[in-house]
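Below: the structure, in structure tokens.
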Amino acid sequence: MFASNDKSDFLIGTATHGHHQIEMACETCHTDAFGGQDALQAACLNCHAQELEDAHDSHPKKKFTDPRNADLLEIIDARYCISCHTEHQEEQTHAMGVTIPEDYCYHCHQETLEQRESHKGLAFDTCASAGCHNFHDNRALYENFLVANANQPWLNQTRISPARNAAQLTAKKNSAGNHHDFSEYISKHQDIKQDWLASRHAEAGINCGGCHSANNSDQWLAKPGVSECRNCHANETEGFMAGKHGMRLSDKLSQRLNPITPAESRLSFKESSLHTQQGCNSCHSAHRFDTASAATEGCLSCHNDEHSLAFMDSPHGQLWQLEQAGEAEAGSGVSCASCHMPRIEEKQNGLNIVRVEHNQNMNLRPNEKMIRPVCMQCHSLEFSIDALADNDLIRNNFNGKPAVHIESMDWALKRNRNHSN
Amino acid sequence: MKNKSLLSLTLAFSLVGLAGCGEKPAAGIAPEKYTDSLFAVMKADRTNYTKLIVKRLGPKGANVIKPDEHWKDIENGAMLPAQMFRAGAEAVADMTDDFTYSLQSLWPINKQNAPKTPVEEAGLQYIVDNPGENYYGEEKLGDVTYFTAVYPDVAVSDACTSCHNDHKDTPKTDFKVGDVMGGVVIRVPL
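Residue numbers (the working numbering), protein chains in the order written: chain B, 1 to 421; chain V, 1 to 190.
Put into structure tokens, the structure is as follows:
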């Protein structure tokens, strides 16, 4: 049985929504039968360390290792991810994969509720569930940030999303410079040639052999896959493999798994899509690689939940359709990808790189993660916090104004006023 | 690493000697001397960071960096001296378990810097009541006994007092230059 690749008999309980896709690659997390908590911790970090770093994690392990915290660690050992995120415990797992009671803040932050005027009488299970705080990621929620971004108009209508340039600027030179003569294939596929001619690949001089050859050789490769795309689109591929669409193909797994299909997911999907295996081509159809279609049709051809179905009629969806029809400025529309796979601007070697974050989870849960990289590109902080706290508004794809108001900014401003007086 | 474990070994021996278990004290570093030396390095680094970096390059000097609590979020952001100190403590914790240290106060801006153990509490009170003196004690945390030393952290300039007195989260608004504002707590497992 140990030698077998089918480990389903070992599963002690269904894995969370975060890990169920890869639960059969047991050794990805269980790297060492006798390694204990430290081995598991190393496995968590192997996939999630960068994300925590990027989030300016408010509670990194290093804040807890001082022995003065020994008595606190006896209650919750915050040095280890699994103290709060125990896997295979579906019955006890609530939002964000947390498996401990939601009033966990109490154990270290009692004094805030006792001493801070605005917080008196609040319940400890509301700290992290009411849109005010987050255990790991408070980049958009900390007090000074609230104050600095207060009193802004809810919408900045002039925002244009920046043009992508990551592949152009970061792809390794010659990584797709295969100029072997594959003309026999080209002559057989005139329709494909037309698609290619309309593509950005053609514009950039990436010809058939750039993708259709194994390791840049003269060997024709009929079906290039993720690894060929990766030659030029490294960071996009890494994002893809870190998220829900591509995690089964991640290099970090202990064994190779088949790409996920909607049928194996726990979300709601269109009947016609159920057996589509996820790879680059499932959204970016060859050979046009039309990014506009990937950014919305790519999503909507599979996703069938209320939020997705409401997109086209939503204000965002309307803007997107206007842009696609040529009736609004390029970059003024809002696609599914604008929010869930946003364009990220960052400096690398002095260059201003604009790339698309292909890890859909980077800006999904907890949804406060979206505030700065996504919502605040066009909306005020206050509006963004309120909108993301309104579940009905999320379901109807932001068709209307938030009906909830989160008071954190009011409190921060009040404390600021009192302090300066 | 080898040198460090050797050090803690001699330390342990000399402590047994101090405790008077009848054994001949082995030659080694007395725990006070060990923590005093560590404190000297910490204090030198803290002063240098404050003077040579924050003061020289910050708004009061060349004005090319911006010391700020949320330094990560600001393009020219630089850690506050207290954060720099903690970053050092955290980096040390990644390298060795042979000692740990932290900056604390009876009037902390960051409530996590308040004393947590009776020895911390007694030590911080002692250095306030007895300016210029250090405090040494022993305590058991979890299953481990520690030698714990507490050193005064003094308001060396009005930058210390004005920033603390004006901070939204400070419980004390009348620090004066020369006051003991808090203490450095160094812990060595025995």
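Ideal Cβ placement from N, Cα and C applies to all residues, glycine included.
Could you check which residue in the options has the C-alpha nearest to that of residue i?
| i | options | result |
| --- | --- | --- |
| residue 199/B | 379/B, 43/B, 235/B, 288/B | 288/B |
| residue 267/B | 304/B, 47/B, 420/B | 304/B |
| residue 270/B | 300/B, 47/B, 360/B | 300/B |
| residue 344/B | 351/B, 350/B, 355/B, 336/B | 355/B |
| residue 361/B | 238/B, 116/B, 204/B | 238/B |
| residue 180/V | 151/V, 186/V, 168/V | 151/V |
| residue 155/V | 43/V, 30/V, 28/V, 37/V | 43/V |
| residue 290/B | 66/B, 120/B, 197/B | 197/B |
| residue 243/B | 396/B, 377/B, 363/B | 363/B |
| residue 171/V | 114/V, 131/V, 31/V | 114/V |
| residue 37/B | 236/B, 325/B, 83/B | 83/B |
| residue 54/V | 120/V, 136/V, 133/V, 80/V | 80/V |
| residue 500/B | 414/B, 420/B, 421/B | Look at the range of chain B in this structure, 1 to 421, and you will see that residue 500/B is not part of it. |
| residue 103/V | 118/V, 86/V, 119/V | 86/V |
| residue 172/B | 206/B, 308/B, 146/B, 57/B | 206/B |
| residue 223/B | 209/B, 236/B, 51/B | 209/B |
For residue i, collect the residues of the same chain with a Cβ closer than 6 angstroms to its Cβ; drop the 5 residues on either side in sequence, then sort them by chain order.
| i | result |
| --- | --- |
| residue 316/B | 334 |
| residue 264/B | none |
| residue 169/V | 109 |
| residue 121/V | 115 |
| residue 77/B | 83 |
Alpha carbon to alpha carbon, how far is residue j from residue i? Give it in angstroms, no decimals.
| i | j | result |
| --- | --- | --- |
| residue 407/B | residue 132/B | 8 angstroms |
| residue 89/B | residue 14/B | 7 angstroms |
| residue 402/B | residue 385/B | 9 angstroms |
| residue 63/V | residue 412/B | 28 angstroms |
| residue 38/V | residue 105/B | 34 angstroms |
| residue 214/B | residue 357/B | 27 angstroms |
| residue 259/B | residue 284/B | 16 angstroms |
| residue 427/B | residue 100/B | Because residue 427/B is not part of the residues shown, which for chain B are 1 to 421, the question remains open. |
| residue 48/V | residue 97/V | 26 angstroms |
| residue 430/B | residue 39/B | Nothing about residue 430/B can be reported from this structure: the residues present for chain B run from 1 to 421 only. |
| residue 169/B | residue 140/B | 30 angstroms |
| residue 27/V | residue 69/B | 33 angstroms |
| residue 277/B | residue 302/B | 11 angstroms |
| residue 233/B | residue 421/B | 54 angstroms |
| residue 132/V | residue 118/V | 21 angstroms |
| residue 66/V | residue 84/V | 14 angstroms |
| residue 142/V | residue 93/V | 17 angstroms |
| residue 235/B | residue 48/B | 16 angstroms |
| residue 184/B | residue 191/B | 14 angstroms |
Under 7 angstroms from any heavy atom of the ligand GDP, does the C-beta of residue i make it?
| i | result |
| --- | --- |
| residue 196/B | Among the components modelled here there is no ligand, and therefore nothing to report on the ligand GDP. |
Name the two residues that bound the continuous beta strand (DSSP E) containing residue i.
| i | result |
| --- | --- |
| residue 351/B | 351–356 |
| residue 29/V | Note, residue 29/V: premise wrong, no beta strand (DSSP E); not H, not E. |
| residue 153/V | 144–154 |
| residue 180/V | 180–189 |
| residue 291/B | Element bounds for residue 291/B: not the beta strand (DSSP E) but the alpha helix (DSSP H), 291–295. |
| residue 343/B | 343–348 |
| residue 139/V | 135–141 |
| residue 157/B | Unbroken run through residue 157/B: none, as it is neither H nor E. |
Can you give me the Cβ contacts of residue i inside the same chain, cut-off strictly under 7 angstroms, excluding the 5 residues immediately before and after it?
| i | result |
| --- | --- |
| residue 25/B | 253, 254, 255, 257 |
| residue 127/B | 105, 133 |
| residue 405/B | 386 |
| residue 160/B | 329, 331, 332 |
| residue 202/B | 196 |
| residue 193/V | No answer is possible for residue 193/V: it lies beyond the span of chain V, which begins at 1 and ends at 190. |
| residue 72/B | 107, 108 |
| residue 64/B | 73, 78, 79 |
| residue 22/B | 28, 247, 248, 253, 257 |
Which residues mark the beginning and the end of the alpha helix (DSSP H) in which residue i is found?
| i | result |
| --- | --- |
| residue 408/B | 408–420 |
| residue 265/B | Careful: residue 265/B lies outside any alpha helix (DSSP H) and carries neither H nor E. |
| residue 236/B | 234–242 |
| residue 45/B | 36–54 |
Spatial neighbours of residue i within its chain, please: C-beta separation below 8 angstroms, excluding the five flanking residues on both sides.
| i | result |
| --- | --- |
| residue 21/V | The pLDDT assigned to residue 21/V is 47, lower than 50, so where the model puts this residue is not dependable; a value taken from the coordinates is nonetheless given after this. For residue 21/V, where only same-chain residues beyond five positions count, there are no Cβ hits under 8 angstroms. |
| residue 176/V | 155, 161 |
| residue 353/B | 165, 166, 169, 170, 345, 346, 347 |
| residue 139/V | 117, 118, 119, 145, 146, 148 |
Can you find a C-beta in chain C that's less than 8 angstroms from the C-beta of residue i?
| i | result |
| --- | --- |
| residue 111/B | This model lacks chain C altogether; the protein chains it does include are B and V. |
Determine which residues of the segment 144–163 of chain V have a Cβ less than 7 angstroms from any Cβ of chain B, and write them out in chain order.
144, 146
Which residues, taken in chain order from the segment 127–144 of chain B, show a beta carbon closer than 9 angstroms to some beta carbon of chain V?
139, 142, 143, 144
The segment 41–56 of chain B: positions lying closer than 8 angstroms to chain V by Cβ:
56
Of the residues that make up the segment 64–98 of chain B, which ones have a beta carbon closer than 7 angstroms to any beta carbon in chain V?
65, 66, 67, 68, 70
Scan the segment 321–338 of chain B for residues whose Cβ lies nearer than 8 angstroms to a Cβ of chain V and list them as they occur along the chain.
none
Interface residues of the segment 20–54 of chain V facing chain B [CB-CB below 9 angstroms]
none
Taking beta-carbon pairs under 8 angstroms, can you tell me which members of the segment 115–147 of chain V lie near chain B?
116, 117, 120, 141, 142, 144, 146
With 8 angstroms as the limit, tell me which residues of the segment 51–77 of chain V have their beta carbon closer than that to any beta carbon of chain B; keep them in chain order.
69, 70, 72, 73
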